[in-house]
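J.: Each residue of the sequence shown is one higher than the one before, counting from 789 in the numbering used here. All C-beta atoms, glycine included, are put in the ideal place defined by N, C-alpha and C. Encoded as structure tokens, here's the structure I'll be asking about.
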Amino acid sequence: MAIFSPYRIKHILLDSREEFLKEAPNEGENFYYVFWWKKIPLGHLYWDEHQKPEQLGEKILEAILPSLTYYIPNQEHIYRLKPIIEGKDFLELSSILDPFFDKYQATKSPLFLDLSVVICTRNRSENLKTCLKSISSLQYPPNEIIVIDNAPEDSSTQEVTNLFPHVTYYKEERPGLDIARNTGAKLAHSNLIAYTDDDVSVDPLWSYRVWETFSNPEIDAMTGLVLASQIETESQFIFEKFWGFNRGYQDVCYNSDFIYKSDSIPRVWEIGAGANMAFRKSAIESVNYFDDRLDVGAAGCSGDSEIWFRILAKGMKMQYNPRAIVFHEHRQEINQLQKQLYNYMRGHAASVLIQHNQLPKIGYDNYLYFEMSKYYLFLIRMGFPHYNLRYRTVWSEIKGLLSGIRFFQKHKNKSTLSSQSNG
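Put into structure tokens, the structure is as follows:
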């Protein structure tokens, strides 16, 4: 088995003359580049150690062209970009891009945003401390920050939270991520509720971008861009390459057509990630909160995508906003990743069967029992005999799917705690 070489993550500010004119790296090192213009992410690029430095300009253009096409509707300007980027004409590039990106810059807002930030955590106090430090450094502070300590084994989470006087601590004794999410929603005093995870650091403008998304009164929920904070191990590389939460660098709007008029089954799990999502409080209430049969402490995952399904099915709208950014710390060890993906697929199977019960005509049962079976038979065949990289977690995923089906059969008639007398 080949030895894995880490990828150094480098954020390239193309609107900085110094960054733009910097020479390409020498051969022999892996990089994961993320390209920005005026604090707006444009794209990313895996730069492998064997690539030639003279290829960098062309590869940068390939990485950022889709998002530039979104932000710049004038195709004449797009055609001019290739020679400008490859020729490193910074002034000409600025003259084209600045007028289009200036309107996306942060402007004045209330002193405190009408936004409650909820972090659900369990026994990961050091991660939580890093997360809270980043949230405390937001350029636009939210009205409220709530930490839900979910069935803790000790007092370490409360001790960390006490270091941040502006943060509200609440102990939720009942285990389950979606129980904790529901508790956070009920405690929140703001009209907008943003969720992030304890293994995340947020961009300084994250709260503003979340709040800004809801300036459109038609939007009831949103997700944002999740970037990797490091790719130092093979496990982190596998996750980012094949399972990452990055949903691209262009805005996407979703409505009920995504549920009822899709050519194939609606893949609501591709809308975003629970580590970076937000809702109007009224939207969460209108669909009766998260289904607490799902996610960590229950089925294992997918409470986020399942509530998105119900929100869209009810006729509400969602927005993916790639300017609302968080940085996620992926699992470092393969055994941790295998456990994580077991739980992902366990929750995935349970959630699609729950969604099938809600709207049988969509065909989630066919997707799970037939499409997924064909897909995993293909992976088993392709990975044989070594099962490297993408294939290292295949057996954990299959076990998770089977466990999720059993979990659903056992709990399909159970009412969720949120529909009982809690609250």
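Return the CA-CA distance between Ser855 and Ser1023, expressed in angstroms with no decimal places.
T.: By one-based count along the sequence shown, residue 855 stands at place 67. By one-based count along the sequence shown, residue 1023 stands at place 235. Roughly 28 Å between the two C-alpha positions.
J.: Between Gly1062 and Asp1039, how many whole angstroms is the CB-CB distance? I'm expecting something under 8 Å.
T.: Here residue 1062 refers to the residue found at position 274 of the sequence shown. Here residue 1039 refers to the residue found at position 251 of the sequence shown. Wrong, their Cβ atoms sit about 20 Å apart, outside the cutoff.
J.: Out of curiosity, what's the CA-to-CA distance linking Tyr1220 and Glu1028?
T.: Shown here, the chain extends from 789 to 1211; a query on residue 1220 therefore has no answer.
J.: Hey, quick one: how far does the alpha helix (DSSP H) through Glu846 stretch, first residue to last?
T.: On the sequence shown, residue 846 is found 58 positions in, with the first residue counted as 1. Unbroken alpha helix (DSSP H) run through Glu846: Leu844 to Tyr859.
J.: Whole-angstrom Cβ separation of Ala968 and His1118, contact assumed at under 8 Å?
T.: Within the sequence shown, numbered from 1, the residue matching residue 968 stands at position 180. Within the sequence shown, numbered from 1, the residue matching residue 1118 stands at position 330. With a Cβ gap of about 22 Å, Ala968 and His1118 do not count as contacting.
J.: Report the three-state DSSP secondary structure of Glu947 (helix, strand or coil).
T.: Mapped onto the sequence shown, residue 947 falls at position 159. Here Glu947 sits in helix by DSSP.
J.: Tell me whether Met1104 sits in a helix, a strand or coil according to DSSP, three-state version.
T.: On the sequence shown, position 316 is the one that residue 1104 refers to. The answer is coil: DSSP assigns Met1104 none of H, G, I, E or B.
J.: Roughly how many angstroms lie between the CA atoms of Ile797 and His832, to the nearest whole one?
T.: For this step, residue 797 is matched to residue 9 along the sequence shown. For this step, residue 832 is matched to residue 44 along the sequence shown. When rounded, the distance between both Cα atoms is 10 Å.
J.: Whole angstroms is fine: what's the gap from Glu1121's alpha carbon to Asn1176's?
T.: Taking the first residue of the sequence shown as position 1, residue 1121 is located at position 333. Taking the first residue of the sequence shown as position 1, residue 1176 is located at position 388. Cα-Cα distance, rounded: 14 Å.
J.: Between Asp986, Phe1097, Pro1054 and Ile1113, which has its C-alpha nearest Ala1071's C-alpha?
T.: As a first step, residue 1071 must be located in the sequence shown, where it is residue number 283. Of Asp986, Phe1097, Pro1054 and Ile1113, the residue nearest in Cα terms is Phe1097.
J.: Shortest alpha-carbon distance to Tyr1037 belongs to which of Ser1184, Val1084, Leu899 and Phe823?
T.: Position 249 of the sequence shown, counted from the start, is the residue given in the question as residue 1037. Among Ser1184, Val1084, Leu899 and Phe823, the Cα nearest to that of Tyr1037 is on Phe823.
J.: Nearest CA to the CA of Tyr859: which residue from Lys1198, Gln893 and Ile934?
T.: As a working mapping, residue 859 is identified with position 71 in the sequence shown. Closest option to Tyr859, Cα to Cα, is Gln893.
J.: Mind listing, in chain order, the continuous alpha helix (DSSP H) runs of no fewer than 4 residues lying wholly within the stretch 912-937?
T.: Segments of the alpha helix (DSSP H) lying fully in the stretch 912-937: 913-924.
J.: Specify the secondary structure class of Pro794 as computed by DSSP and reduced to three states.
T.: One-based indexing of the sequence shown puts residue 794 at position 6. Three-state result, Pro794: coil.
J.: For a test of the three-state rule: what should DSSP assign to Pro1110, helix, strand or coil?
T.: Taking the first residue of the sequence shown as position 1, residue 1110 is located at position 322. Of the three classes helix, strand and coil, the one that applies to Pro1110 here is strand, per DSSP.
J.: Among the candidates Lys1127, Tyr957, Leu1147 and Pro930, whose CA atom is the shortest distance from the CA of Ser943?
T.: In the sequence shown, residue 943 corresponds to position 155, counting from 1. Nearest C-alpha to Ser943: Tyr957.
J.: Return helix, strand or coil for Phe1158, following the three-state DSSP convention.
T.: For the purposes of this step, residue 1158 is taken as residue 370 along the sequence shown, with counting starting at 1. In this structure, Phe1158 counts as helix in the three-state DSSP scheme.
J.: Taking all protein chains shown into account, do 16 or more other C-beta atoms lie within 10 angstroms of the C-beta of Gln1107, making it buried, or fewer, making it exposed?
T.: Counting from 1 along the sequence shown, the entry for residue 1107 is found at position 319. Buried, because 16 or more other Cβ atoms sit within 10 Å of the Cβ of Gln1107.
J.: Ser1184 and Gln1240 - do their beta-carbons sit closer together than 7 Å?
T.: In the structure displayed, the chain extends from 789 to 1211; residue 1240 sits before or after that span and is not available.
J.: Going along the chain, which residues of its own chain have a beta-carbon closer than 6 Å to the beta-carbon of Glu1159, five neighbours each way excluded?
T.: Your numbering for residue 1159 matches position 371 in the sequence shown. Around Glu1159: no qualifying Cβ.
J.: What are the uninterrupted segments assigned as alpha helix (DSSP H) that are 4 or more residues long and contained completely in the stretch 953-1033, given in chain order?
T.: Fully enclosed alpha helix (DSSP H) runs of 4 or longer: 965-975, 994-1001 and 1022-1030.
J.: Check this for me: beta carbons of Gly972 and Val906, under 7 Å apart or not?
T.: Here residue 972 is taken as the residue at index 184 of the sequence shown, counted from 1. Here residue 906 is taken as the residue at index 118 of the sequence shown, counted from 1. Cβ atoms of Gly972 and Val906: closer than 7 Å.
J.: Can you name the residues that DSSP bridges to Leu899?
T.: Indexing the sequence shown from 1 puts residue 899 at position 111. For Leu899, which the question treats as bridged, DSSP gives no partner whatsoever.
J.: Using DSSP bridges, identify the partner residues of Thr909.
T.: Your numbering for residue 909 matches position 121 in the sequence shown. Paired residue(s): Asp937.
J.: Within its chain, find whatever has a CB closer than 8 Å to the CB of Ile1193; leave out the 5 residues flanking it on each side and keep chain order.
T.: Residue numbering aside, residue 1193 sits at position 405 when the sequence shown is read from its first letter. Excluding positions up to five away in sequence, the list reads Ala1137, Ala1138, Leu1141 and Leu1156.
J.: Which of helix, strand or coil does DSSP assign to Phe1078?
T.: The count along the sequence shown starts at 1 and reaches residue 1078 at position 290. Residue state, collapsed to three classes: coil.
J.: Assuming Ile1026 and Arg1178 form a contact by the criterion Cβ under 8 Å, report the distance between their Cβ atoms to the nearest whole angstrom.
T.: As a position in the sequence shown, residue 1026 is number 238, starting the count at 1. As a position in the sequence shown, residue 1178 is number 390, starting the count at 1. Yes, they are in contact, since the Cβ atoms of Ile1026 and Arg1178 sit about 7 Å apart, within 8 Å.
J.: Ignore the nearest five residues each way along the sequence and tell me which others in Tyr928's own chain have a CB closer than 6 Å to its CB.
T.: Translated into positions along the sequence shown, residue 928 becomes position 140. Cβ neighbours of Tyr928 beyond the five flanking positions: Ser897, Leu901, Ser995 and Tyr996.
J.: Are the beta-carbon atoms of Ile936 and Cys919 separated by less than 7 Å?
T.: Taking the first residue of the sequence shown as 1, we reach residue 936 at position 148. Taking the first residue of the sequence shown as 1, we reach residue 919 at position 131. Not a contact, by the Cβ cut-off of 7 Å.
J.: Could you tell me the distance, in whole angstroms, from the CA atom of His799 to the CA atom of Pro841?
T.: For the purposes of this step, residue 799 is identified with residue 11 of the sequence shown, where counting begins at 1. For the purposes of this step, residue 841 is identified with residue 53 of the sequence shown, where counting begins at 1. Each residue's alpha carbon lies about 18 Å from the other.
J.: Would you call Ile981 buried or exposed, if buried means 16 or more other Cβ atoms sit within 10 Å of its Cβ?
T.: If you number the sequence shown from 1, residue 981 lands on position 193. The residue is buried, with at least 16 neighbouring Cβ atoms inside 10 Å.
J.: Output the distance between the C-alpha atoms of Trp999 and Ser925, rounded to the nearest integer angstrom.
T.: For this step, residue 999 is matched to residue 211 along the sequence shown. For this step, residue 925 is matched to residue 137 along the sequence shown. C-alpha separation (whole angstroms): 16 Å.
J.: From Glu932, Glu961, Tyr834 and Arg805, pick the residue whose C-alpha is nearest to that of Pro813; which is it?
T.: Start at 1 with the first residue of the sequence shown, and residue 813 comes out as number 25. Looking at the Cα atoms, Tyr834 is the closest of the given residues.
J.: Using 7 Å as the threshold, is the C-beta distance between Gln1003 and Glu932 below it?
T.: Here residue 1003 refers to the residue found at position 215 when the sequence shown is read from its first residue. Here residue 932 refers to the residue found at position 144 when the sequence shown is read from its first residue. Strictly speaking, residue 1003 in this sequence is Ser, with Gln absent from that position. No, the Cβ-Cβ distance between Ser1003 and Glu932 is not below 7 Å.
J.: My assumption, with CB atoms under 8 Å, is that Asn818 sits in contact with Glu837. Please give the rounded CB distance.
T.: On the sequence shown, position 30 is the one that residue 818 refers to. On the sequence shown, position 49 is the one that residue 837 refers to. 5 Å between Cβ atoms; contact.
J.: Skipping 5 residues on each side, what residues in its chain have a beta carbon closer than 8 Å to that of Glu1129?
T.: Here residue 1129 corresponds to residue number 341 of the sequence shown, with the count starting at 1. It should be noted that the sequence gives Leu, not Glu, for residue 1129. Answer for Leu1129: Trp1031, Thr1181, Ser1184, Glu1185 and Gly1188, listed in chain order.
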